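Residue numbers (our numbering), protein chains in the order written: chain R, 1 to 112; chain C, 1001 to 1114.
What follows is the structure, given as structure tokens:
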């Protein structure tokens, strides 16, 4: 079955470390997105990519980086510059933004 | 700036009841509206997508309507079951955006009591 796979499900980061969250889709979708979800704040867009080798900053891109070398993959790196990284991270994809979004199961990142 | 509000924020009903969740948005110029379900600690599951030219969509016990002129959408759940307990989110894509303007509502947390 087609879908979006996020890994790992849980991730723990020490202070000063960079960590990378994986997002893979086999839906043949062109567009992919990363969102951050915090309690009481809803979903906020971190980065999005509408085509391979191109991506754009969202509302809260500081402290994060992405790459889009393959159509099916859109990894997110949380750098040490992100001061409050503890959150639930969701990856999504769409054929185009008019056609609705499909979300992955999420990665919960905790700073220890 | 598009703002999306969902009322009520939380709802508790007995099993078997029919219920309506509300979603309102401030700018009626949208491509589409999508309803999602989120279980605790899980990702978002798409329930229904209503294109701007449509007025409603149905899937099983779920029916979503869209009234762009009034900036409102409703999600109707028939014969609710305990398994329907989750948070329900609506999201809109404004016309003229480039994929970065998917705006989510604040969510309605639903509890269906056995």
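The beta-carbon is built from N, C-alpha and C at its ideal position, and this holds for glycine as well.
Every value quoted in this text rests on a predicted model; they were computed, and no experiment measured them.
List the residues of chain R that residue i touches, going by C-beta distances under 8 Å, in chain order.
| i | result |
| --- | --- |
| residue 1088 of chain C | Residues of chain R passing the Cβ test: none, with the nearest at roughly 13 Å. |
Can you tell which of the options has the C-alpha that lies nearest to the C-alpha of residue i?
| i | options | result |
| --- | --- | --- |
| residue 84 of chain R | R:34, R:62, R:22 | R:62 |
| residue 1027 of chain C | C:1096, C:1089, C:1088 | C:1096 |
| residue 1088 of chain C | C:1007, C:1002, C:1001 | C:1007 |
| residue 78 of chain R | R:72, R:33, R:65, R:22 | R:65 |
| residue 1046 of chain C | R:4, R:40, R:76 | R:4 |
| residue 60 of chain R | R:38, R:96, R:8 | R:38 |
| residue 46 of chain R | R:30, R:75, R:13 | R:75 |
| residue 110 of chain R | R:12, R:33, R:6 | R:12 |
| residue 1084 of chain C | C:1010, C:1110, C:1056 | C:1110 |
| residue 1024 of chain C | C:1104, C:1113, C:1112 | C:1104 |
| residue 26 of chain R | R:94, R:19, R:44, R:36 | R:94 |
| residue 1114 of chain C | C:1014, C:1009, C:1051, C:1066 | C:1014 |
| residue 19 of chain R | R:58, R:8, R:103 | R:8 |
| residue 54 of chain R | R:98, R:33, R:44 | R:33 |
| residue 108 of chain R | C:1040, C:1106, C:1010, C:1108 | C:1040 |
| residue 1093 of chain C | C:1050, C:1076, C:1009 | C:1050 |
Run the CB neighbour count on residue i, radius 10 Å, all protein chains shown included, and call it buried at 16 or more, exposed below.
| i | result |
| --- | --- |
| residue 1032 of chain C | buried |
| residue 1079 of chain C | exposed |
| residue 1101 of chain C | buried |
| residue 1053 of chain C | exposed |
| residue 112 of chain R | exposed |
| residue 1081 of chain C | exposed |
| residue 96 of chain R | exposed |
| residue 31 of chain R | buried |
| residue 1073 of chain C | buried |
| residue 51 of chain R | exposed |
| residue 1020 of chain C | exposed |
| residue 49 of chain R | buried |
| residue 1029 of chain C | exposed |
| residue 1038 of chain C | buried |
| residue 17 of chain R | exposed |
| residue 10 of chain R | exposed |
| residue 1086 of chain C | buried |
In chain C, what lies closer than 8 Å to residue i by C-beta?
| i | result |
| --- | --- |
| residue 62 of chain R | Simply none; closest approach about 16 Å. |
| residue 105 of chain R | 1042, 1043 |
Name the chain R residues that come within less than 7 Å of residue i, Cβ to Cβ?
| i | result |
| --- | --- |
| residue 1049 of chain C | 100 |
| residue 1034 of chain C | 100, 101 |
Write down the C-beta distance between residue i and residue j rounded to the nearest angstrom, noting that I regard them as a contact closer than 8 Å.
| i | j | result |
| --- | --- | --- |
| residue 1002 of chain C | residue 1091 of chain C | Their Cβ separation, rounded to whole angstroms, is 10 Å, which puts residue 1002 of chain C and residue 1091 of chain C out of contact at 8 Å. |
| residue 67 of chain R | residue 24 of chain R | So it is not a contact: roughly 13 Å between Cβ atoms. |
| residue 1043 of chain C | residue 105 of chain R | 4 Å |
| residue 1055 of chain C | residue 1069 of chain C | No, residue 1055 of chain C and residue 1069 of chain C are not in contact; Cβ-Cβ is about 11 Å, not under 8 Å. |
Anything in chain R within Cβ reach of residue i, meaning under 9 Å, just list it in chain order.
| i | result |
| --- | --- |
| residue 1046 of chain C | 100, 101, 102, 103 |
Could you check whether the Cβ of residue i sits closer than 8 Å to any heavy atom belonging to the ligand NAD?
| i | result |
| --- | --- |
| residue 3 of chain R | Judged by which ligands are present, the structure shown has none, so any question about the ligand NAD falls away. |
Applying a beta-carbon distance threshold of less than 9 Å, which residues of chain C neighbour residue i?
| i | result |
| --- | --- |
| residue 90 of chain R | 1043, 1044 |
Which residues in chain C have a C-beta closer than 7 Å to the C-beta of residue i? List them in chain order.
| i | result |
| --- | --- |
| residue 43 of chain R | 1104 |
Whether or not the stretch 86-97 of chain R and the stretch 1056-1067 of chain C are in contact is what I'm after, with contact meaning three or more pairs of Cβ atoms, one per stretch, closer than 8 Å; do they touch?
no
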